[in-house]
Amino acid sequence: MNQTPVDLVQPRQADCPFDIEAVRHELSRNGLDMVHPMSTCWYNDERTRMIAAAATEGNRSPMAGLKPLPHFGRDKYGGGDVVVGRGKNCLALIIGNTRAIWKPFGNWLCDDPERVTDANPLDRYVQEVVERALPSSSSSSSPMRQIFWAWEISNDRIVAMARAAHVAGLAYLDETSTLSFHPTY
Numbered sequence: 007m008n009q010t011p012v013d014l015v016q017p018r019q020a021d022c023p024f025d026i027e028a029v030r031h032e033l034s035r036n037g038l039d040m041v042h043p044m045s046t047c048w049y050n051d052e053r054t055r056m057i058a059a060a061a062t063e064g065n066r067s068p069m070a071g072l073k074p075l076p077h078f079g080r081d082k083y084g085g086g087d088v089v090v091g092r093g094k095n096c097l098a099l100i101i102g103n104t105r106a107i108w109k110p111f112g113n114w115l116c117d118d119p120e121r122v123t124d125a126n127p128l129d130r131y132v133q134e135v136v137e138r139a140l141p142s143s144s145s146s147s148s149p150m151r152q153i154f155w156a157w158e159i160s161n162d163r164i165v166a167m168a169r170a171a172h173v174a175g176l177a178y179l180d181e182t183s184t185l186s187f188h189p190t191y
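The sequence shown finishes on residue 191 if you use our numbering, and the numbering steps up by one all the way, no holes.
This is the structure:
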């Protein structure tokens, strides 16, 4: 069983240039009710560990084909060149949903019946909700951000979302079945 190292520090609101709780509230009221913060270095360290472990056994890890998550110049030990004193955590939010998504999604579809003809209406809904909830990155005072979607298939954009949820402590990823298990849902 693979556990997130216990010495990792959970990203805190004080480390974040925007109000995580306001983002969580906006996402939740639109059915994206699972919002969990993590540090990008947790995923990147796990990626590196898995690649090294597979190489030791003479294999190639599937994680080897994936790019690390961006850290925007911050190093995991602090003193990064973006915001001195906040370099320990480059915040990432793992966003998901339970069945709570269906009512707001249904309402969104009813607001404009043409949306049902979209190739992927649920993906479009999620993208609109997330982009509306997160602070804009268009001004120089806004935090740098990059959004990765679970449905992206471009090699430089794929993120092992179940692995990210696992290292963040949101869900347990069973290595044998490759299924993720949330303790409540």
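Where is the CB? At the ideal position from N, CA and C, for every residue including glycine.
In its own chain, which residues sit with a C-beta less than 6 Å from the C-beta of residue i, not counting the 5 before and 5 after it?
i, result
"Gln133", "none"
"Val89", "Reliability fails at Val89, whose pLDDT of 34 lies under 50, so the model's placement of it is uncertain and the value that follows must be treated cautiously. Same-chain partners within the cutoff: there are none."
Given residue i, which residues of its chain have a CB within under 7 Å of its CB, disregarding the five upstream and five downstream residues?
i, result
"Ala60", "Arg66, Ser67"
"Tyr191", "Thr104"
"Met69", "Arg53, Met56, Ile57, Ala166"
"Pro74", "Asn50, Arg53"
"Met7", "With a pLDDT of only 38 at Met7, under 50, the local geometry of the prediction cannot be trusted, and no value is derived from it."
"Phe154", "Arg163, Val165"
When burial is assigned at 16 or more other CB atoms within 10 Å of the CB, is residue i buried or exposed?
i, result
"Pro189", "exposed"
"Met150", "exposed"
"Ala125", "exposed"
"Val41", "buried"
"His172", "buried"
"Gly79", "exposed"
Could you tell me how far apart the beta carbons of residue i and residue j are, in whole angstroms, since I believe they sit closer than 8 Å?
i, j, result
"Ala174", "Ile107", "That belief does not hold up - the Cβ atoms of Ala174 and Ile107 are roughly 20 Å apart, past 8 Å."
"Ala98", "Met167", "Contact doesn't hold; Cβ gap of about 11 Å is too wide."
Could you tell me the alpha carbon to alpha carbon distance between residue i and residue j, rounded to whole angstroms?
i, j, result
"Ser34", "Met56", "33 Å"
"Leu185", "Pro119", "34 Å"
"Val135", "Glu181", "32 Å"
"Ser160", "Gln152", "15 Å"
"Asp117", "Gly71", "41 Å"
"Tyr178", "Asp129", "24 Å"
"Lys109", "Glu27", "22 Å"
"Trp114", "Asp39", "16 Å"
"Glu158", "Pro127", "15 Å"
"Arg121", "Glu63", "49 Å"
"Ser142", "Ser183", "38 Å"
Which residue's Cα is closest to the Cα of residue i: the options?
i, options, result
"Cys47", "Arg169, Ala166, His77, Ala168", "His77"
"Ile164", "Val29, Gly37, Arg53", "Arg53"
"Arg169", "Asp162, Ser160, Asn161, Ala156", "Ala156"
"Val29", "Leu176, Leu140, Ile159, Asp51", "Leu140"
"Gly112", "Lys73, Glu63, Gly37", "Gly37"
"Cys96", "Gly102, Phe187, Thr123, Phe24", "Phe24"
"Arg138", "Glu32, Ile26, Glu27", "Glu32"
"Gly102", "Ser183, Thr123, Tyr131", "Tyr131"
Could you check if residue i belongs to the surroundings of the ligand FAD, using beta carbon to heavy atom distance under 7 Å?
i, result
"Pro127", "The ligand FAD is absent from the structure shown, which contains no ligands of any kind."
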